[in-house]
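In our numbering, the protein residues as written are 3 to 265. Just so you know, even glycine gets a beta-carbon here, dropped at the ideal spot from N, CA and C. These figures come from a predicted structure and were not determined experimentally.
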């Protein structure tokens, strides 16, 4: 069963602004929406029932009833996941995150950070921002300064002065970055390098990025709310920081060897 985030990514480019608004609301409130009638949802969103019905058909369902059935099935799967030992699953997630990172060609990523005149950091939520703040402090130890961007407006302002070779690192759990898609495309059009840190699935962010660092995290239901550990995203950014340390140390060692050879 495909996560609802994957359906969002698949149909995003085909949706109207109003349909994106509907989808965003459903994704943010899926636990509540799956209990609603079409009339209740239409009232909350201030749209007609036919608008809701057409929207569900546009994303591949026969109508709202089938879409609601899908949401309930997804919730059942999440409940099943919650029966798994959370500590054991977290250990598996961190192992998977490490394996994915180890299998990457990471040198071009850290090289782009090293060479960049400006490194911008943008997290789409508090956990993402915290992970990037830790990364910022870590690379500062290697005399690499980076700029934290805390809001979409700041991202828009920064995009106006971007230079070729600058780096933007965006951390997002879902990778659904429709609200800042325009700004990201401006960064790209000016020659900036976009590095994504995101969950392991296809997303709008991953499709825009030059490089994507994936992490694995499992959601559990607790008191009818979804819970996911923040450890894997911190692990991903910490691994990137360590890879940067190794890259800098290697360059310094080679430089020292060359200098000694020239003596």
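Check                                                                                        : Outcome
DSSP state of residue 57 mapped onto helix, strand, coil                                     : helix
Alpha carbon of residue 112 to alpha carbon of residue 119, nearest angstrom                 : 13 Å
C-beta contact flag for residue 38 and residue 129 at 9 Å                                    : no
Check whether residue 206 and residue 183 have beta carbons under 9 Å apart                  : yes
Assumed close pair residue 151, residue 121 - CB separation to whole angstroms, cut-off 8 Å  : About 11 Å separates the two Cβ atoms, so there is no contact after all.
Residue closest to residue 215, alpha-carbon to alpha-carbon, out of 21, 172 and 250         : 172
Residue 1 versus 204, 57, 248 and 44, residue with shortest Cα-Cα distance                   : Residue coverage of the chain in this structure runs from 3 to 265, which leaves residue 1 outside it and unanswerable.
N- and C-terminal bounds of the beta strand (DSSP E) containing residue 200                  : 195-201
Helix, strand or coil at residue 34 [DSSP, three-state]                                      : helix
Pick from 139, 135, 99 and 147 that is closest to residue 117, judged by C-alpha positions   : 147
Buried versus exposed, by CB contacts within 10 Å (16 or more), residue 21                   : buried
Bridge partner(s) assigned by DSSP for residue 214                                           : 198
Given 8 Å, three or more beta-carbon pairs between the stretch 232-246 and the stretch 91-99 : yes
Simplified DSSP state of residue 17, which is helix, strand or coil                          : coil
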